[in-house]
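The sequence shown begins at 69 in our numbering and counts up one residue at a time. Below is one structure, written out as structure tokens; the observations come after it.
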Amino acid sequence: MDASAYESFANTIIDTHKTPGVIVAIKDRYEKGFGYRDVANKLPVTEETVFGIGSITKSMTCIAILQLEERGGLDVQDKVTTHIPELSFPGQNRSPFIT
Numbered sequence: 069m070d071a072s073a074y075e076s077f078a079n080t081i082i083d084t085h086k087t088p089g090v091i092v093a094i095k096d097r098y099e100k101g102f103g104y105r106d107v108a109n110k111l112p113v114t115e116e117t118v119f120g121i122g123s124i125t126k127s128m129t130c131i132a133i134l135q136l137e138e139r140g141g142l143d144v145q146d147k148v149t150t151h152i153p154e155l156s157f158p159g160q161n162r163s164p165f166i167t
């Protein structure tokens with residue numbers, strides 16, 4: 069796994085959108101915080117940082133995926149690696165959703 073792609077992505081989000089901090093996590097494979105959870109006190113984002121936005125992002129992600137499908141950008145039956153080819157998981161050849 070090339071962590072530099074995730075780190076570059078996180079730094080781009082912070083720079084482009086003036087986001088104070090983000091965390092990138094792939095279960096049991098990669099976790100790293102970027103930026104600050106408290107800008108005024110310069111407290112960094114860590115793997116333990118809890119962001120207040122909560123589970124609402126799941127609904128927003130679903131809406132975005134369905135909008136992309138409507139526009140022909142993807143099919144909800146696509147395998148994950150169709151769109152994120154560098155992603156891999158142990159035992160992935162057994163799953164119908166991951167190539």
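Ideal Cβ placement from N, Cα and C applies to all residues, glycine included.
Check: Any idea if F102 is buried or exposed, counting beta-carbon neighbours within 10 angstroms, 16 or more meaning buried?
Finding: buried
Note to self: Please classify A93 as buried or exposed, where buried requires at least 16 neighbouring CB atoms within 10 angstroms.
What the structure shows: exposed
Item checked: Neighbourhood of E115 by C-beta distance below 8 angstroms, restricted to the same chain and skipping five residues each side -> I91, A93, E99, K100, G101
Notebook entry, point to check: Which residues in the same chain have their Cβ closer than 6 angstroms to the Cβ of L136, if we skip the five residues on either side of it in sequence?
Noted result: L142
Notebook entry, point to check: When burial is assigned at 16 or more other CB atoms within 10 Å of the CB, is V113 buried or exposed?
Noted result: buried
Item checked: DSSP three-state assignment for E99, whether helix, strand or coil -> strand
Note to self: Using DSSP's beta-bridge definition, name the partner residues of V92.
What the structure shows: K100
Check: In the DSSP assignment, what residue or residues form a beta bridge with D106?
Finding: L111
Notebook entry, point to check: Since D70 and E154 are thought to touch, with beta carbons under 8 angstroms apart, how far apart are those beta carbons, to the nearest angstrom?
Noted result: 7 angstroms
Next item on the list: Note the first and the last residue of the continuous alpha helix (DSSP H) segment covering T150.
Entry: 148-151
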